[in-house]
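**Q** Just so you know, the sequences run in chain order A and C. As numbered in this note's numbering, residues 217 to 592 make up the first sequence, in order. As numbered in this note's numbering, residues 116 to 370 make up the second sequence, in order.
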Amino acid sequence: MSSPTTEHTPAVRPTLANRVREYAAGSGTIWILGALVALVIAFTVLAPTTFASAYNVRSLFTDAAILLVLGVGMTFVIITAGIDLSVGSVLVFSGVVSAQVMSAFGGTEAGLLGVFAGLLVALLSGVAWGALNGVLIGVFGIPPLIVTLGTFGAALGLAKVLTNGVDDRNVPTILADTIGTGTIGGIPWLVIIAMVVTVLGALLLGLTRFGRHTKAIGSNAEGARRVGVAVKPQLIKVYALAGLLAGLGGFLSLARFSTTTIAGHTTDNLTVIAAVVLGGTSLFGGIGSVVGTAIGVFIPAVLQNGFVILGIQPFWQEFAVGVVLILAVFFDQYRRRARSKGASRRGKHPAPPRATESLGAAPPAPAGAKERINNG
Amino acid sequence: MSSKKPLLQARSITRSFGQVQALRGASFDVYEGEIVALIGDNGAGKSTLVKCLSGADRPDGGEVLLEGKPVSITSPTHAQSLGIETVYQDLSLAPDLDPAANLFLGRELLKPGLGWLGVLDNSRMQSEARAAFRELGTELLSFTAPVASLSGGQKQNVAVARSIAWASKVVFMDEPTAALGVVQREKVLDVIRRVRDKGISVVLISHNMPEVIAVADRVEVLRLGQRVARFEAQQSTVEDLVAAMTGALIQEDVA
Numbered sequence: 217m218s219s220p221t222t223e224h225t226p227a228v229r230p231t232l233a234n235r236v237r238e239y240a241a242g243s244g245t246i247w248i249l250g251a252l253v254a255l256v257i258a259f260t261v262l263a264p265t266t267f268a269s270a271y272n273v274r275s276l277f278t279d280a281a282i283l284l285v286l287g288v289g290m291t292f293v294i295i296t297a298g299i300d301l302s303v304g305s306v307l308v309f310s311g312v313v314s315a316q317v318m319s320a321f322g323g324t325e326a327g328l329l330g331v332f333a334g335l336l337v338a339l340l341s342g343v344a345w346g347a348l349n350g351v352l353i354g355v356f357g358i359p360p361l362i363v364t365l366g367t368f369g370a371a372l373g374l375a376k377v378l379t380n381g382v383d384d385r386n387v388p389t390i391l392a393d394t395i396g397t398g399t400i401g402g403i404p405w406l407v408i409i410a411m412v413v414t415v416l417g418a419l420l421l422g423l424t425r426f427g428r429h430t431k432a433i434g435s436n437a438e439g440a441r442r443v444g445v446a447v448k449p450q451l452i453k454v455y456a457l458a459g460l461l462a463g464l465g466g467f468l469s470l471a472r473f474s475t476t477t478i479a480g481h482t483t484d485n486l487t488v489i490a491a492v493v494l495g496g497t498s499l500f501g502g503i504g505s506v507v508g509t510a511i512g513v514f515i516p517a518v519l520q521n522g523f524v525i526l527g528i529q530p531f532w533q534e535f536a537v538g539v540v541l542i543l544a545v546f547f548d549q550y551r552r553r554a555r556s557k558g559a560s561r562r563g564k565h566p567a568p569p570r571a572t573e574s575l576g577a578a579p580p581a582p583a584g585a586k587e588r589i590n591n592g
Numbered sequence: 116m117s118s119k120k121p122l123l124q125a126r127s128i129t130r131s132f133g134q135v136q137a138l139r140g141a142s143f144d145v146y147e148g149e150i151v152a153l154i155g156d157n158g159a160g161k162s163t164l165v166k167c168l169s170g171a172d173r174p175d176g177g178e179v180l181l182e183g184k185p186v187s188i189t190s191p192t193h194a195q196s197l198g199i200e201t202v203y204q205d206l207s208l209a210p211d212l213d214p215a216a217n218l219f220l221g222r223e224l225l226k227p228g229l230g231w232l233g234v235l236d237n238s239r240m241q242s243e244a245r246a247a248f249r250e251l252g253t254e255l256l257s258f259t260a261p262v263a264s265l266s267g268g269q270k271q272n273v274a275v276a277r278s279i280a281w282a283s284k285v286v287f288m289d290e291p292t293a294a295l296g297v298v299q300r301e302k303v304l305d306v307i308r309r310v311r312d313k314g315i316s317v318v319l320i321s322h323n324m325p326e327v328i329a330v331a332d333r334v335e336v337l338r339l340g341q342r343v344a345r346f347e348a349q350q351s352t353v354e355d356l357v358a359a360m361t362g363a364l365i366q367e368d369v370a
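1) Give me, in chain order, the residues of the same chain whose beta-carbon lies closer than 8 Å to that of T389/A; leave out the 5 immediate sequence neighbours on both sides.
2) Considering only C-alpha positions, which residue in the set R308/C, F143/C, K166/C, S187/C is nearest to F346/C?
3) Alpha carbon to alpha carbon, how far is R425/A from V234/C?
4) Out of V353/C, Y146/C, R239/C, which has the shortest C-alpha to C-alpha gap to L225/C?
5) Bridge partners for P121/C per DSSP, in chain order?
6) What beta strand (DSSP E) runs, 3 residues minimum, are completely inside the region 330 to 354 of chain C?
7) Examine chain C for any beta-carbon lying closer than 9 Å to the beta-carbon of N349/A, and answer yes or no.
8) Going along chain C in order, which residues have a C-beta closer than 7 Å to the C-beta of L423/A?
9) Please confirm whether G267/C and G296/C have their CB atoms less than 9 Å apart.
10) Are there 16 or more other CB atoms within 10 angstroms of the CB of D393/A, so buried, or fewer, so exposed?
11) S219/A by DSSP, collapsed to three states: which one?
12) Does DSSP put T476/A in a helix, a strand or coil?
13) Could you check if R561/A is buried or exposed, using at least 16 other CB atoms within 10 Å of its CB as the buried criterion?
14) Among R139/C, L181/C, D172/C, which one has its Cα closest to the Cα of S316/C?
15) Say whether chain C places a C-beta atom closer than 9 Å to the C-beta of N485/A.
16) A440/A CB to nearest chain C CB: under 9 Å?
17) For the 8 Å Cβ check, are there 3 or more pairs between the region 301 to 320 of chain A and the region 483 to 490 of chain A?
18) Measure the C-alpha to C-alpha separation of V545/A and A329/C and round it to an integer number of angstroms.
19) Please tell me whether, using a cut-off of 8 Å, the distance from the CB of L364/C to the nearest non-hydrogen atom of the ligand SAM is below it.
20) Could you tell me which of G512/A, L470/A, R472/A, S474/A sits nearest to I489/A, measuring between CA atoms?
21) Which same chain residues end up closer than 6 Å to F467/A when comparing Cβ atoms and leaving out the 5 residues on each side of it in sequence?
22) On the CB-based measure, 16 or more other CB atoms within 10 Å of its CB, does E354/C come out buried or exposed?
23) Please decide whether A276/C counts as near chain A, where near means a Cβ-Cβ distance under 9 Å.
24) Taking just the CA atoms, how far does L378/A sit from L208/C?
25) Can you pull the chain C residues whose beta carbon is under 7 Å from the beta carbon of I395/A, in chain order?
26) Starting from the beta carbon of K431/A, find every residue of chain C whose beta carbon is closer than 9 Å, and list them in chain order.
27) Name the chain C residues whose beta carbon is nearer than 7 Å to that of F426/A?
28) Establish whether the CB of G354/A and some CB of chain C are separated by less than 9 Å.
29) Which full runs of the beta strand (DSSP E) of 3+ residues lie inside the region 280 to 320 of chain C, going along the chain?
30) If you follow the alpha helix (DSSP H) that V169/A is part of, which residue opens it and which one closes it?
31) Using beta-carbon positions only, say whether V334/C and L364/C come within less than 9 Å of one another.
32) Going by beta carbon distance, what residues of the same chain come within less than 6 Å of L255/A, once the five residues before and after it are set aside?
33) What whole-angstrom Cβ distance do A410/A and A281/A have, given they're in contact under 8 Å?
34) I'd like to know whether the C-beta of T352/C is nearer than 9 Å to at least one C-beta of chain A.
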């Protein structure tokens, strides 16, 4: 604002058109939705009877369901400018302890009580791993990449210790027949559960103080702390949420495959992170949406499915997702740069330089004293 | 201004970082409804003193009095609960959130009835944010765009509006005009005067002497961790201030 007249222009009323424009400029979600729609149309035109068949659509959604549950938690984590590499291992560990508890209730013959006990144990195990991640990151200040790389190995290792590395197949039949393969009104249980989790996650992120604080921490953690946001507890809660959903994922995976699938989740973390980033959530924190993640989960799933149906080697899917992922992050960075450039064109001095004597900077002090200042 | 009542006072504050004595018995007074400038050369202890008074740091010795009563300010949040706000030089805004979200960050308004779920009352925060900006005499082009897309002056306005919306007693402003152009600088100074006229005291930390004399009611000078001089801004010159900052002029007894 270099001229006085523009400074006093009344705020533009948020008309629908303006909102749509701001939304499109501010997030990548709309573009990635366009890409998904284009893919779906392309495959539908190329293979109308197979790709768009009810059976195929159902299996597509079922395949995506568990990844989507993990993706909702990962979205919150990445918005805090963090990362969670441990989700796949926490999923396996939670599945293992859940299966063992259900074995104690009668294994394949276990009743409803056993299933509920198994669910409870899976969720608790997930929350415990997630909270451990959160404490190490939020309280002890260890980088998220290292903490969750550690728990990624630790949780998988413990799962193998508990099972001697052999999959546990004592999954209650009533669980496998309902949540695992059953449907309500033609819609698989797994898909319904994933949709409920997605809707709740979207509401939590978009409408609540929890979501606002998550974004604030990813945007400027020190600034958030100064105005009274409880940064450390919030980080613990966010990682615990990701753990909770990984625990739920472990339970759903048990239900679906009737086995603990110990070796089957080593790359879940990367698949989920890719989906979250494709969905417009920024790895730099502060920006993201659960709806975007839902779209991001379906892009690799649709590609894979479509390539198989068209008889293209499905390995191309991995290649295509890799390329799209890099492009998505490139555009995210480009958009951010464009945004701050736009601001600097309008104002003469966009970013206040950090002078040595600002309140934010510590005065010259020996190393020991500096910690006291930062903690003060 | 001596007829006014002291609001916030620092008495013989000491603070050391290892071998470095940043404050050696520094005193400082803020009276009700005034703009007081705190000046001093680099290393004089301004930032440390302000940190001690705004809860970002705690003094080793000395006393802080709020309205005559001794207080121990333990954190920025504690200072805020006492009616003391700070505009940091880096502004401490969340660039990805909109101005209203920044204004209410950490103190969000919740929807009546749904508050137990933590559901935000965005429309009320938006309208109150607009009212806060009107009161400040500034306007924003957009209340829904992220703060990152605003100009430097507008970001400054958001940070100032936030501190004023919550402060009931004192606002500390650390170099609020350092990053601004000439026109924007004048606007921010106008805003500072309006804050004072609302009855909130402003502590202005600045290196810009003509600006200090133009906007402040009083000036207090720190040198080597102690207060060395106090001036009525109307009756002082840039030369006086510089002399006090550099040690050529000493009014107070310095041990």
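Ideal Cβ positions, reconstructed from N, Cα and C, are used throughout, including at glycine.
**A** Judging by the given coordinates:
1) T324, E325
2) F143/C
3) Annotation: R425/A to V234/C spans about 6 Å, alpha carbon to alpha carbon.
4) Minimum Cα distance to L225/C is reached at R239/C.
5) Y146/C
6) For the region 330 to 354 of chain C, whole beta strand (DSSP E) runs of length 3 or above, ordered along the chain, are 333 to 338, 341 to 347.
7) no
8) What L423/A touches in chain C: V234, L235.
9) yes
10) Result: exposed.
11) With a pLDDT of 39 at S219/A, under the threshold of 50, the modelled position of that residue is not reliable, and the figure given next carries that caveat. Reduced to three states, the DSSP call for S219/A is coil.
12) coil
13) Low confidence applies here, because R561/A scores a pLDDT of 43, under 50, leaving its location unreliable; read the following figure in that light. Per the 10 Å Cβ criterion, exposed.
14) L181/C
15) no
16) A440/A counts as touching chain C.
17) yes
18) C-alpha separation (whole angstroms): 49 Å.
19) Among the components modelled here there is no ligand, and therefore nothing to report on the ligand SAM.
20) Looking at the Cα atoms, G512/A is the closest of the given residues.
21) S314, L335, A338
22) exposed
23) No - not a single Cβ of chain A is within 9 Å of the one on A276/C.
24) 48 Å
25) Residues of chain C passing the Cβ test: none, with the nearest at roughly 27 Å.
26) A209, D211, L212, A216
27) G233
28) no
29) Entirely contained in the region 280 to 320 of chain C, the beta strand (DSSP E) runs reaching 3 residues are, in chain order, 285 to 289, 316 to 320.
30) Only positions 217 to 592 of chain A appear in this structure, which leaves residue 169/A out of reach.
31) For V334/C and L364/C, no; Cβs fall outside 9 Å.
32) V518
33) 4 Å
34) no
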